[in-house]
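Numbering (our numbering), first residue to last: 295 to 349.
All C-beta atoms, glycine included, are put in the ideal place defined by N, C-alpha and C.
Remember, predicted model here, so these are calculated numbers, not experimental data.
Presented below is the structure to which this report refers.
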Amino acid sequence: MAQAHMRLMNEKGQGTTEYAILVGVLVVIAIVAITMFRPKIEELWNAIANGINGL
């Protein structure tokens, strides 16, 4: 019984760690994508701002 409880506790910790690693990887991918596409994002942002100002 004690071994089953310890195994369950270890799996919960492992799931949390995997989730944290996944979130970290997604954040790094987002930062790289924003850095690479920054000129296009600025162009799009400016087009949207100009369209709003033209109303």
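Note that the C-beta distance between I335 and I325 is not below 8 angstroms. In the DSSP assignment, G348 falls outside any alpha helix (DSSP H) and carries neither an H nor an E. Rounded to the nearest whole angstrom, the C-alpha separation of I346 and N340 is 10 angstroms.
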